[in-house]
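Protein sequence lines, in the order shown, are assigned to chains A and B.
If you count by my numbering, then the first sequence holds residues 1 to 426, one letter each, in order.
If you count by my numbering, then the second sequence holds residues 1001 to 1247, one letter each, in order.
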Amino acid sequence: MKNRTPLAQSYLDRFETAVSTLPGHESRSVQALRRQGLDTFAALDFPHKRIEEWRYTNLSALTKATANEDIPSSDLDVIQTAALDAPFEMVFINGHFSSDESRLKELPEGITLGSIASSLGNGAVFSLSSEEDRALFALNTAFMEDGFSLHVDDHVQSETILKITFRNESGDQNGRHIRNVINLGIGSKLTLVEEHTGTGSYFSNPVTSISLSEGAALNHYKLQNESHYAYHLSLTDCENAKGSIYQNFTFSLGARISRNEIKTTILGSEAESHLNGAYLMRGKQHCDTTTLTEHKVPQNISSQVYKGVLDDDAHGVFQGKIHIFRDAQQVVGDQLSKALLLSDRAGVDCKPELEIHADDVKCSHGATSGELDEDALFYLQSRGIPEDRARKLLIEAFLADVMESIGDTPVKDYFNAIAASWLTEA
Amino acid sequence: MLEIKDLRATVGGKEILKGINLTIKPGEIHAVMGPNGAGKSTLSYVLSGRAGYEVTGGSVLYKGVDLLDMSPDERACRGLFLAFQYPVEIPGVASATFLKTAFNAQRKFRGEEELDAMQFLKLVRKKTTELGIKDDMLKRAVNVGFSGGEKKRNEVLQMALFEPDLMLLDETDSGLDIDALKVAADGVNRLRSPERSALIITHYQRLLDYIVPDFVHVLADGKIVKSGDKSLALELEEKGYAEISAA
Ligand SMILES: Nc1ncnc2c1ncn2[C@@H]1O[C@H](COP(=O)(O)OP(=O)(O)OP(=O)(O)O)[C@@H](O)[C@H]1O
Ligand SMILES: [Mg+2]
Chain A
1 MKNRTPLAQS YLDRFETAVS TLPGHESRSV QALRRQGLDT FAALDFPHKR IEEWRYTNLS
61 ALTKATANED IPSSDLDVIQ TAALDAPFEM VFINGHFSSD ESRLKELPEG ITLGSIASSL
121 GNGAVFSLSS EEDRALFALN TAFMEDGFSL HVDDHVQSET ILKITFRNES GDQNGRHIRN
181 VINLGIGSKL TLVEEHTGTG SYFSNPVTSI SLSEGAALNH YKLQNESHYA YHLSLTDCEN
241 AKGSIYQNFT FSLGARISRN EIKTTILGSE AESHLNGAYL MRGKQHCDTT TLTEHKVPQN
301 ISSQVYKGVL DDDAHGVFQG KIHIFRDAQQ VVGDQLSKAL LLSDRAGVDC KPELEIHADD
361 VKCSHGATSG ELDEDALFYL QSRGIPEDRA RKLLIEAFLA DVMESIGDTP VKDYFNAIAA
421 SWLTEA
Chain B
1001 MLEIKDLRAT VGGKEILKGI NLTIKPGEIH AVMGPNGAGK STLSYVLSGR AGYEVTGGSV
1061 LYKGVDLLDM SPDERACRGL FLAFQYPVEI PGVASATFLK TAFNAQRKFR GEEELDAMQF
1121 LKLVRKKTTE LGIKDDMLKR AVNVGFSGGE KKRNEVLQMA LFEPDLMLLD ETDSGLDIDA
1181 LKVAADGVNR LRSPERSALI ITHYQRLLDY IVPDFVHVLA DGKIVKSGDK SLALELEEKG
1241 YAEISAA
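If you want it as structure tokens, here you go:
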């Protein structure tokens, strides 16, 4: 018998009950899928620091916990501002679709949005590749409860913003194993905003699989504003067909430990994948951004730009890998990671990685971390601007270019307002 | 206006100001000249409150109150302005935002009503027109990519905007072409009044043709070694510092 982490063991112990009660329990194929996930997870356990991709993020605070910690129930520290004005919103409460809270009437024609729980109930399964080696993916497959499934028909180009909200609170030990599936048809276009928020202590483990058909364009925003006692470990996979454009912007402020792992696979020429983001962390928060961009064919473009502001004892991680396969000539890949450290105790680990097997490519990467520019601070103060205001101006200036990359103005305004509110609490 | 008594200061553990005595009365313009490394910029930084410049002795009274006790922003709000020898580039902060934030911070401090974006823009336009400065730099980030001369003009514009009571100019004339020099001089002369004073650090007599000082001081090795009227500047230009300081 292997020496499992207590949390992994408790998942194994709970599985038989889960498989017979979770959505799709009447379906043999759903059951089989869950078992496959469980077997993979049982062999792997939770990721630990001996795994290269997890060197900088230690999950032991999560996996050792056998009982709920003593957590104040107040929504301490969660940044709140005026809500994003989105015409359509799908709401999940504690991992379950809430039709009462959602506003989905009269979705534009050609957009189909449903809950995964009902798909599973109908016996629909998703392909889980057999060589899957990501434990959190497998755990999600074994225990997935709900999530959204979104389909946009060919050539449907929506100008509206679709918002998906996940509201969590502390409660049962099952965790929130959200599974989302997004399919954009040929030449279609959509703007999607995911928002994750909550109170208390919980473990959120969302997995999102995205497939963009030829010429499709998805603007995918994510606000990670979980409770500061929560764990948020998310996986997003995106496949880009010819001429498709994936733009992801992840804005992280919440959670005690969070990880956004994004994998994009470019399968067609003239496709683009742009992964940008910002993270603002304080206290003992830990935020990990891990990206893998695979260029499998020639002539396409990818970029990653992440900026982090770290105060107190907060810690940031950026691991970005660009993998260019042998035939993928004339590829452009740019990567940049910058961290601003507001305290001596804050820190960041950066690991840019280029794996290039083609010879005609243009790739760049850069990673920097530094403190606020004292000369600039003095210059601002010498003009009458109080120190705290001057600091804020400089932090906003540090974030300005990555925030400017947000193409949808309402989202940009929303994220900027949240950043301003975070800065006010400093 | 300003009373400096036996001021001593260290930078990085090294004593740079070694007992400065200088009194500036309202309405007076004082020029400070001196060799490189004498401590001229250090004096301007100590007066404006830059961190890392430690005062180890002496006192400075500004309008009768202890200046050294105040934060840099409070000094600015009370009417002290330093035109930097090397203005700082601040990427990501738009000049317009910076100027308006600073301007309104000063007004708020004095209990005056803040200006809205439109009112402020009008005021800036007025000042740039008066001084003949192009206002396209307002759209750019503070000093970023500005030429040396543009940075100095930007300092002059700020001075015109904030209308300080005590102007400290640290080599504002260095690196300026003759037209820009006149702009800078014009900036000071427009503000000149019986209530306002200036301390002008320069290496060149030329600027003093346009801004005529009441007093000229020579600062060498952290001390004022000689003071005189405007003719001292001419004498310096002729003979150099070594001879004058030794005399
Ligand atoms: N951070 C520092 N650490 C140590 N020495 C410093 C520091 N900053 C300035 N100094 C020293 O202080 C002395 C005075 O410098 P300061 O800039 O005041 O001279 P200055 O009179 O303005 O010269 P210039 O005419 O070249 O502008 C110089 O010897 C300089 O090297
Ligand atoms: Mg100097």
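Glycine included, every Cβ here is placed at the ideal spot set by N, Cα and C.
Inset, instruction - Would you mind listing the alpha helix (DSSP H) stretches within the segment 186–242 of chain A that are 4+ residues and don't spill past its ends, in chain order? - result: Segments of the alpha helix (DSSP H) lying fully in the segment 186–242 of chain A: there are none.
Inset, instruction - Measure the beta-carbon distance from alanine 400 of chain A to glycine 1145 of chain B and round it to whole angstroms, keeping in mind my assumption that it falls under 8 Å. - result: About 16 Å separates the two Cβ atoms, so there is no contact after all.
Inset, instruction - Report whether the distance from the Cβ of serine 1048 of chain B to the nearest heavy atom of ligand 2 is below 8 Å. - result: The answer is no for serine 1048 of chain B.
Legend entry - Of the listed residues B:Ser1048, B:Glu1028, B:Ser1147, B:Ile1020, nearest to alanine 1038 of chain B (C-alpha basis): Residue B:Ile1020 is the option with its Cα nearest to alanine 1038 of chain B.
Legend entry - In DSSP terms, what asparagine 248 of chain A is bridged to: Asparagine 248 of chain A pairs with A:His220, A:Leu275.
Legend entry - Touch test, the segment 309–320 of chain A against the segment 281–299 of chain A, Cβ-Cβ under 8 Å, three pairs minimum: Yes: at least three Cβ pairs fall under 8 Å.
Inset, instruction - Note the first and the last residue of the continuous beta strand (DSSP E) segment covering alanine 1198 of chain B. - result: Per DSSP, alanine 1198 of chain B belongs to the beta strand (DSSP E) from 1197–1201.
Inset, instruction - Return the Cβ separation of glutamate 214 of chain A and isoleucine 186 of chain A in integer angstroms, given the expectation that the two are a contact with Cβ distance under 8 Å. - result: Contact flag correct, Cβ pair sits at about 5 Å.
Inset, instruction - Compute every distance between the C-beta of aspartate 1170 of chain B and the non-hydrogen atoms of ligand 1, then say whether any falls below 8 Å. - result: Aspartate 1170 of chain B Cβ: within cutoff of ligand 1.
Legend entry - proline 386 of chain A: contacting residues in chain B (beta-carbon distance under 7 Å): Result: Asp1073, Ala1105.
Inset, instruction - Please list the partners that arginine 1050 of chain B has in chain A, where partner means a Cβ-to-Cβ separation under 7 Å. - result: The contacting residues are Phe378.
Inset, instruction - With DSSP as the reference, label proline 353 of chain A as helix, strand or coil. - result: According to the sequence displayed, residue 353 of chain A carries glutamate and not proline. Correct three-state label for glutamate 353 of chain A: strand.
Legend entry - Where glutamate 374 of chain A falls: helix, strand or coil (DSSP): Three-state DSSP puts glutamate 374 of chain A in a helix.
Legend entry - N-terminal and C-terminal residue of the beta strand (DSSP E) that threonine 289 of chain A is part of: For threonine 289 of chain A, the enclosing beta strand (DSSP E) covers residues 286–295.
Legend entry - Identity of the residue in B:Met1167, B:Gly1049, B:Glu1130 nearest tyrosine 379 of chain A by Cα: Out of B:Met1167, B:Gly1049, B:Glu1130, B:Gly1049 has the C-alpha closest to the C-alpha of tyrosine 379 of chain A.
Legend entry - Beta-carbon contacts of lysine 1108 of chain B that lie in its chain and below 7 Å, excluding the five residues immediately before and after: Counting only Cβ-Cβ distances below 7 Å, and skipping sequence neighbours, we find Glu1114.
Inset, instruction - Using beta-carbon positions only, say whether phenylalanine 97 of chain A and alanine 82 of chain A come within less than 9 Å of one another. - result: Their beta carbons are not under 9 Å apart, which means phenylalanine 97 of chain A does not touch alanine 82 of chain A by this criterion.
Inset, instruction - Give the residues from the segment 393–411 of chain A that approach chain B closer than 9 Å (Cβ to any Cβ), ordered along the chain. - result: Along the segment 393–411 of chain A, going in chain order, the ones with a CB nearer than 9 Å to a CB of chain B are Leu393, Leu394, Glu396, Ala397, Phe398, Leu399, Ala400, Asp401.
Inset, instruction - Can you tell me which of the three DSSP states glutamine 329 of chain A falls into? - result: When DSSP states are grouped into helix, strand and coil, glutamine 329 of chain A belongs to the coil group.
Legend entry - Any non-hydrogen atom of ligand 1 closer than 8 Å to threonine 250 of chain A Cβ: No - ligand 1 has no heavy atom lying nearer than 8 Å to the Cβ of threonine 250 of chain A.
Inset, instruction - Kindly say whether alanine 1076 of chain B, judged by its beta-carbon, lies nearer than 9 Å to any beta-carbon of chain A. - result: Yes, its Cβ sits closer than 9 Å to a Cβ of chain A.
Inset, instruction - Would you mind working out which of B:Leu1191, B:Asn1143, B:Ala1180, B:Thr1202 sits nearest phenylalanine 1162 of chain B, comparing C-alpha positions? - result: Of B:Leu1191, B:Asn1143, B:Ala1180, B:Thr1202, the residue nearest in Cα terms is B:Leu1191.
Inset, instruction - Determine contact between the segment 1075–1082 of chain B and the segment 1157–1173 of chain B, defined as no fewer than three beta-carbon pairs at a distance below 8 Å. - result: Under the Cβ criterion (8 Å, minimum of three pairs), the segment 1075–1082 of chain B counts as touching the segment 1157–1173 of chain B.
Inset, instruction - Tell me, please, whether the segment 408–417 of chain A touches the segment 1197–1206 of chain B by the rule of three or more beta-carbon pairs shorter than 8 Å. - result: Verdict: no, contact absent.
Inset, instruction - Run down chain A in chain order and give the residues with a C-beta less than 8 Å from the C-beta of glycine 1145 of chain B. - result: Ordered by position in chain A, no residue passes the 8 Å Cβ test against glycine 1145 of chain B, which lies about 15 Å from the chain.
Legend entry - Residue environment, valine 1065 of chain B, which counts as buried when at least 16 other CB atoms sit within 10 Å: Exposed, because fewer than 16 other Cβ atoms sit within 10 Å of the Cβ of valine 1065 of chain B.
Inset, instruction - Rank A:Phe325, A:Arg14, A:His155 by C-alpha distance to the C-alpha of serine 244 of chain A and give the top, closest one. - result: Nearest Cα to serine 244 of chain A within the set A:Phe325, A:Arg14, A:His155: A:His155.
Legend entry - For histidine 25 of chain A and glutamine 31 of chain A, the rounded distance between their alpha carbons: When only Cα atoms are considered, glutamine 31 of chain A and histidine 25 of chain A end up about 6 Å apart.
Inset, instruction - Give the range of the alpha helix (DSSP H) segment to which glutamate 1150 of chain B is assigned. - result: Per DSSP, the continuous alpha helix (DSSP H) segment holding glutamate 1150 of chain B begins and ends at 1148–1162.
Inset, instruction - Would you mind telling me which residues of chain B sit closer than 7 Å to glutamate 371 of chain A, beta carbon to beta carbon, in chain order? - result: In chain B, no part has a C-beta under 7 Å from the C-beta of glutamate 371 of chain A; the shortest such distance is about 13 Å.
Inset, instruction - Run down chain A in chain order and give the residues with a C-beta less than 8 Å from the C-beta of leucine 1082 of chain B. - result: The contact set of leucine 1082 of chain B on chain A, defined by CB atoms closer than 8 Å, consists of Ser382 in chain order.
Inset, instruction - Would you please verify whether the beta carbon of valine 1156 of chain B is less than 9 Å from any beta carbon of chain A? - result: With 9 Å as the cut-off, valine 1156 of chain B does not count as an interface residue toward chain A.
Legend entry - Close-in-space but distant-in-sequence residues of the same chain around alanine 67 of chain A (CB under 8 Å, 5 per side omitted): For alanine 67 of chain A, the predicted structure reports a pLDDT of 48, less than 50, and the residue's modelled location is therefore unreliable. A value from the coordinates is still provided. For alanine 67 of chain A, where only same-chain residues beyond five positions count, there are no Cβ hits under 8 Å.
Inset, instruction - Pair every Cβ in the segment 362–373 of chain A with every Cβ in the segment 339–354 of chain A, then say whether three or more of these pairs are closer than 8 Å. - result: Touching, yes, given that three or more Cβ pairs across the two stretches are closer than 8 Å.
Legend entry - Between the CA atoms of threonine 21 of chain A and glycine 123 of chain A - distance to the nearest angstrom: Those two C-alpha atoms are separated by around 14 Å.
Legend entry - Residues near phenylalanine 92 of chain A by beta carbon distance below 6 Å, same chain, minus five either side: Within the same chain, phenylalanine 92 of chain A has close Cβ partners Phe166.
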